[in-house]
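Visitor:
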Amino acid sequence: MKFKSYKKSQAALEFLATYGWAFLVILIMIGALAYFGILNPSKILPNRCNFGAEFQCLDYQISSAGTFKIRLKNGIGEAIDVTSMTLSTESVTAYVCTTEPTKPLGWKSGNVTDFTWSSCTGGGLTAGEKGKVLITIRYNTVVSGSAYTKEVKGEVFSSVI
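If you count by the numbering used here, then the sequence shown holds residues 880 to 1040, one letter each, in order.
#1: Smallest Cα separation from residue 982: which of 903, 992 and 976?
#2: Does DSSP classify residue 1037 as helix, strand or coil?
#3: Any contact of the stretch 999–1017 with the stretch 948–964, i.e. 3+ C-beta pairs under 8 Å?
#4: Work out the CA separation of residue 922 and residue 997 for me, nearest whole Å.
#5: Apart from the five residues just before and just after residue 1028, which ones in its own chain have a Cβ nearer than 6 Å to its Cβ?
#6: Measure the C-alpha to C-alpha separation of residue 904 and residue 896 and round it to an integer number of angstroms.
#7: What distance in whole Å lies between the Cβ atoms of residue 989 and residue 1032, which are believed to be in contact at a cut-off of 8 Å?
#8: Measuring straight from C-alpha to C-alpha, what distance separates residue 929 and residue 910?
#9: Identify the residues that DSSP records as bridge partners of residue 978: which are they?
#10: Counting C-beta neighbours from all protein chains within 10 Å, is the total for residue 1022 16 or more, i.e. buried, or is it exposed?
#11: Taking all protein chains shown into account, decide if residue 917 is buried (16 or more other Cβ within 10 angstroms of its Cβ) or exposed.
#12: Keeping to the same chain, check which residues put their C-beta closer than 6 Å to that of residue 949; ignore five residues upstream and five downstream.
#13: Could you check whether residue 1009 and residue 967 sit closer than 8 Å to each other, using their CB atoms as the reference points?
Following this line, the structure appears as structure tokens:
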């Protein structure tokens, strides 16, 4: 009886040792593929523009030449005054644009407006790769006035051209 349990435990140990090494080799291979960028999930993710219900994102473009363009539709339900629009990225270096778009006053509900930032630098955006630009829009309704400012955050995740 003693020999029977010894053979079972030896078989279990050999099984764990054999397949443990194989599992370790697979983990090392996956780590190497991820390190060299072959398993980069951002390459297969679709382009997107999210703003919530307040604004509908109709079109967008991130350029490595220093421009950022976005076309938005006012979906708030009433006319608004945009007081500020700021851009940022998740990069360590700041995304700075020297020329900002004109902020619309009396932007009527349902109207579409194009916004273009130019002379933008930093942000870690590289041509041919995907980039994410975060947008913060501060506005107030024309009826309520500037005492009732609201803030909407949105993001554009797209290929940088």
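All C-beta atoms, glycine included, are put in the ideal place defined by N, C-alpha and C.
Guide: Concretely, from the data shown:
#1: To locate residue 982, count along the sequence shown from 1; it is residue 103. Ranking the options by Cα distance to residue 982, first place goes to 992.
#2: Mapped onto the sequence shown, residue 1037 falls at position 158. The answer is strand: DSSP assigns residue 1037 an E or B state.
#3: yes
#4: Counting from one through the sequence shown, the residue named residue 997 turns up at place 118. Counting from one through the sequence shown, the residue named residue 922 turns up at place 43. Roughly 26 Å separates the two Cα atoms.
#5: Residue 1028 sits at position 149 when you count from the first residue of the sequence shown. Same-chain partners within the cutoff: 1017 and 1019.
#6: Residue mapping note: residue 904 aligns to position 25 of the sequence shown, counting from 1. Residue mapping note: residue 896 aligns to position 17 of the sequence shown, counting from 1. In a straight line, the C-alpha of residue 904 is about 12 Å away from that of residue 896.
#7: What you label residue 1032 is simply residue 153 of the sequence shown in a count that begins at 1. What you label residue 989 is simply residue 110 of the sequence shown in a count that begins at 1. With a Cβ gap of about 22 Å, residue 1032 and residue 989 do not count as contacting.
#8: Your numbering for residue 929 matches position 50 in the sequence shown. Your numbering for residue 910 matches position 31 in the sequence shown. When rounded, the distance between both Cα atoms is 32 Å.
#9: Along the sequence shown, one-based indexing puts residue 978 at 99. In DSSP, residue 978 forms a bridge with 997.
#10: Counting from one through the sequence shown, the residue named residue 1022 turns up at place 143. Classification of residue 1022: exposed, given that the 10 Å Cβ count is below 16.
#11: On the sequence shown, position 38 is the one that residue 917 refers to. Residue 917 should be labelled exposed.
#12: As a first step, residue 949 is located in the sequence shown; it is residue number 70 there, counting from the start. Here the set comprises 939 and 994.
#13: Translated into the one-based positions of the sequence shown, residue 967 becomes position 88. Translated into the one-based positions of the sequence shown, residue 1009 becomes position 130. Cβ distance not < 8 Å, so residue 967 and residue 1009 don't count as in contact.
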